[in-house]
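Going line by line, the protein sequences match chains A and B. Using my numbering, the first residue of the first sequence is number 17, and each one after it goes up by one. Using my numbering, the first residue of the second sequence is number -12, and each one after it goes up by one. No residue lacks a Cβ here, since even glycine has one placed at the ideal position from N, Cα and C. These numbers come from a predicted model, not from an experiment. Take a look at the structure below.
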Amino acid sequence: MTSIKITRRQFLKWLSASAAALGLSQTDLLKVEKALALGPPPDPNFPVAPLGRVIWIAGAACSGCPTSLLNYIADTADPDPVLNAIGNNALSLWFDVETLYPVNFPVAPGDIDIAEVVLEIITIDYSQIVMATSGDVPNNYLLSLLADPNYKYVLLVEGTIQTAANGKYCRILDVPGDLTSLPGWPAAATPYVDVYTTTDATNGVPAGQQRTDVTMAGGTLWLASNPNCLAVVTLGTCAAYGGVPAAKKGVTGGKGTYEWLNCVNDMGKLILNIPGCPPNSDWVIASVGAALLELNNVIPGILFNNLDTTGALCVTGVTVPRNTYIGANPNAEIFHKNHGYVFCNDDPRRDEGSAPTLLLCQRSASQPKGKCMKQKGCNGWLAGPPHIRPDCPTRMWNPIETPGGLVKNNWCVLNNMPCQGCASPGFPDYCSPFYEQTKESWKGYSYIRPLKAC
Amino acid sequence: MGNKILIHPVNRMEGHLTIDAQTAVAESGGVRVTDASLKGELYRGFEQILMNRDPRDPMVLCQRI
């Protein structure tokens, strides 16, 4: 999978498929087409290299995020994915749970699924959960890639980074050689790896050689500190903010990626957060797509002009930016840019100062009324920074089979489950206990835990 | 001493696993695994996180295992 090429036609097809989700307008698409037409004579193998090379590492994760990602589908016939998602989305990919081998359903012309994204748009060079080999084969491949000065990649982090006990709660790989002697090795990562000398011949190599056992905490520092690491994308609330493994009373010192790389170790990396437990596949593909378009200079500004960098307070009063991607097109937002978007009639902004009404809940456009579940712990009414209110009510989840095709038709609240606020930075502690009304003052709860080192 | 087979990470599974196997040359001339261990390399501490919480909380938290 290292040198799969995509054609110009495929590239345009993918762009149009993702246009709505990415917030591209029709004019933008025309610009792309024009730019391609004005450029050098069309190369049938354009672009020569895949748009993005991705190294994917997982810490304390549950594989819910990749499972959600496998549900990705974009429908090109859908002019406004947010408003029409309920009626128009069709899912073209199912996967066989036992083998994780993708099985394609009949795909409508123009539709694109996760298989196409993975095969044609990005190249996943290293991922424990999807790569085909184990042990030293992928490890040596990873080392050879990193040794290439022209190899530029995006680091995708999944799961909490556990930093207690020198990171030994999660060890991700064991590679031949002494990594700490490599040029450019970050000194901060040295306590988080274990360099040892083999006492037996190992994997056919004689005894007495050095090997390095890398923890998740050390591995993120190692891979993110490489100047060829263009950006870090965090997949899910765990990687973005800490999430469940970093909850109160946890003993493993879980941290989010932003806190670990930029607060604790002061690396100043560009970090793109895709929170959600799990994140909707549309958010992932659109965010990664925006990053690729930006970093490859196809649509300059598509990412940087649409980052939500509003600050979020933590318990110690430190403000950190969220760096969450928001779609450019107000009708096609990944996360609602307009914090005034209201689906909940109990939203405090609706009747500021008055007693909550606790009567109505606009669970979806087609089912506007339902009983409010605020007293059962629903967090739909929490609005604005630092809370992230995803577009679940309109984008929807859970594709099911219908006579008209596969349709995303549900989300937690529509299914009478209180919104757990899983994309917000304080999850899960700020809203725990879950089935009690969430306290209105969230400041008593830690936002990124523990933040003492920050 | 025999050869050791060390596989870390193991692909296509949830979580982190190491396979550590000692091999020796058997009398027949083939290679024989004499000792093997599997190591789970991830501990998230759900046991501690769930302590003293509301009894209804695990319904939400343990989905994430």
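Since I believe residue j is in contact with residue i (beta carbons under 8 angstroms), could you give me their beta-carbon distance rounded to a whole number of angstroms?
i      : j      : result
W427/A : P409/A : 6 angstroms
D41/B  : P449/A : 3 angstroms
T215/A : V191/A : Actually they are not in contact, since the Cβ atoms of T215/A and V191/A sit about 18 angstroms apart, beyond 8 angstroms.
V248/A : R187/A : Between R187/A and V248/A the Cβ distance is about 20 angstroms, and since that is not below 8 angstroms, they are no contact.
T206/A : T213/A : T206/A to T213/A, Cβ: 17 angstroms. No contact.
P406/A : G292/A : 6 angstroms
Y208/A : G234/A : 3 angstroms
N281/A : A204/A : 5 angstroms
T236/A : L277/A : 7 angstroms
Y185/A : T268/A : 4 angstroms
L246/A : Y167/A : Not really, about 11 angstroms apart at Cβ, beyond 8 angstroms.
Under 8 angstroms between beta-carbons, which chain B residues line up against residue i? List them in chain order, please.
i      : result
I188/A : P(-4), H3 and E28
A217/A : M(-12), G(-11), N(-10) and K(-9)
G220/A : N(-10)
C78/A  : E1, R51 and I52
G396/A : By Cβ distance, chain B contributes nothing, its closest Cβ being about 15 angstroms from G396/A, past 8 angstroms.
C293/A : R51
V267/A : G32 and Q35
Around the C-beta of residue i, are 16 or more other C-beta atoms found within 10 angstroms, so that it is buried, or is it exposed?
i      : result
K455/A : exposed
K468/A : Residue placement at K468/A is poorly supported in this model, since its pLDDT is 32, which falls under 50; the coordinates still yield a value, given next. Label assigned to K468/A: exposed.
A263/A : buried
Q144/A : buried
S160/A : exposed
L54/A  : Confidence is the limiting factor: at L54/A the pLDDT is only 44, short of 50, which leaves the residue's position unreliable, though a coordinate-based value still follows. Answer is exposed; the Cβ neighbour count stays below 16.
C49/B  : exposed
I177/A : buried
T325/A : exposed
R51/B  : buried
T21/B  : exposed
N322/A : buried
R43/B  : exposed
R19/B  : exposed
V12/B  : exposed
M232/A : buried
F320/A : exposed
E28/B  : buried
M147/A : buried
M0/B   : exposed
G266/A : buried
A531/A : It is not possible to answer for residue 531/A, since the shown part of chain A is limited to 17 through 470.
With a cut-off of 9 angstroms, does the C-beta of residue i fall near any C-beta of chain C?
i      : result
Y451/A : No chain C appears in this structure, whose protein chains are A and B.
Give me, in chain order, the residues of the same chain whose beta-carbon lies closer than 7 angstroms to that of residue i; leave out the 5 immediate sequence neighbours on both sides.
i      : result
P45/B  : L37
S24/B  : D7
D194/A : V211, Q226 and T228
D152/A : P192 and N219
W413/A : N296, K424, N426 and W427
P202/A : L237, W238 and S241
Tell me which same chain residues have a C-beta within less than 6 angstroms of the C-beta of residue i, skipping the five on either side of it?
i      : result
H53/B  : In this structure chain B extends from -12 to 52, so residue 53/B is not present and cannot be described.
A439/A : P291, G292, I404 and P406
S84/A  : P294 and S297
V300/A : L85 and I290
G386/A : C377 and R379
G272/A : A256, Y257, G258 and I464
C394/A : P434 and C435
Name, please, each residue of chain B whose Cβ falls closer than 7 angstroms to the Cβ of residue i.
i      : result
T236/A : The contacting residues do not exist; T236/A stays about 14 angstroms from chain B at best.
Q225/A : Per Cβ cutoff of 7 angstroms: no residues; Q225/A is ~11 angstroms from chain B at best.
For a contact defined as C-beta to C-beta under 9 angstroms, what are the partners of residue i on chain B?
i      : result
P261/A : R31, G32, F33, I36 and R51
S448/A : R40, D41, D44, V47 and L48
Skipping 5 residues on each side, what residues in its chain have a beta carbon closer than 8 angstroms to that of residue i?
i      : result
T149/A : none
N155/A : L189, D190, V191 and P192
S79/A  : I145
G252/A : A77, G80, C81, E174, G175, G259, I290, P291, G292, C293, P294 and P295
Q453/A : K390, Q391, K392 and G393
Can you tell me whether residue i sits near the ligand ATP, meaning its C-beta is under 8 angstroms from at least one heavy atom of the ligand?
i      : result
G272/A : The ligand content of the structure shown is nil, which means the ligand ATP is not present either.
(message) Which residues of the stretch 6 to 24 of chain B have a Cβ closer than 9 angstroms to any Cβ of chain A? Give them in chain order.
(response) I6 and Q9
(request) Could you list the residues in the stretch 145 to 167 of chain A with a C-beta less than 9 angstroms from some C-beta on chain B, going in chain order? (result) Legend: CB atoms of the stretch 145 to 167 of chain A lying less than 9 angstroms from CB atoms of chain B belong to residues I145, V146, M147, A148, T149, S150, G151, D152, P154 and N155.
(request) Below 7 angstroms between beta carbons is the criterion; list the residues of the stretch 176 to 210 of chain A that meet it against any residue of chain B, in chain order. (result) Taking 7 angstroms as the Cβ-Cβ cut-off against chain B, the residues of the stretch 176 to 210 of chain A that qualify are Y185, C186, R187, I188, L189 and D190.
(message) Against chain B, which members of the stretch 421 to 447 of chain A pass a CB distance test of less than 7 angstroms?
(response) Q436 and P444
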